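Following: one structure in structure tokens, then a few remarks.
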Amino acid sequence: MTTKNSGTLQIRARLLLGEEIAMGPGKAELLAAIAETGSISAAARKMGMSYRRAWLLVDTMNRCFKTPLVSSAAGGTQGGGASLTLLGEEVLALYQQLETEVETAAHKQATALKKLLAKL
Numbered sequence: 001m002t003t004k005n006s007g008t009l010q011i012r013a014r015l016l017l018g019e020e021i022a023m024g025p026g027k028a029e030l031l032a033a034i035a036e037t038g039s040i041s042a043a044a045r046k047m048g049m050s051y052r053r054a055w056l057l058v059d060t061m062n063r064c065f066k067t068p069l070v071s072s073a074a075g076g077t078q079g080g081g082a083s084l085t086l087l088g089e090e091v092l093a094l095y096q097q098l099e100t101e102v103e104t105a106a107h108k109q110a111t112a113l114k115k116l117l118a119k120l
């Protein structure tokens, strides 16, 4: 759980539903990008991933929660777009809080572990 030679140790939370990752750092980043851009394709471009990969991540999230986190409309004369549902906004906010609390709670252990790593 280290970043590539960035000099920091990161603890990241993932929420598993069976074998599927219902929410994790990449999916949270994607949700935030969709909220910002209003588009799955624009969010994907912003994150440097393919539209297909972004769509698959959205599909997984939408299937893992009680109701979809992302609502999308196909393109055409009206234009397409995507937005977070109310549940999507709530899940993103809760996940971001969870990550903050996990980092805070694990600070002491992460500091000790960092000293044991070969290099960062």
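Under my numbering, the first residue of the sequence shown carries the number 1, and numbering increases by one thereafter. Note that CB positions come from ideal geometry on N, CA and C, so glycine has one too. The structure displayed is predicted, hence computed values, not measured ones.
Asked	Found
Simplified DSSP state of A121, which is helix, strand or coil	Residue 121 is absent from the model: the chain starts at 1 and stops at 120.
Bridge partner(s) assigned by DSSP for S83	S71
Best match in L16, Q96, G80 for proximity to T37 [C-alpha to C-alpha]	G80
Where the beta strand (DSSP E) through L16 begins and ends	15-17
For L98, the three-state DSSP class (helix, strand or coil)	helix
For M49, three-class secondary structure by DSSP	coil
Cut-off 8 Å between Cβ atoms - residues of its own chain near K27, not counting five sequence neighbours on either side	I21, L57, T60, M61
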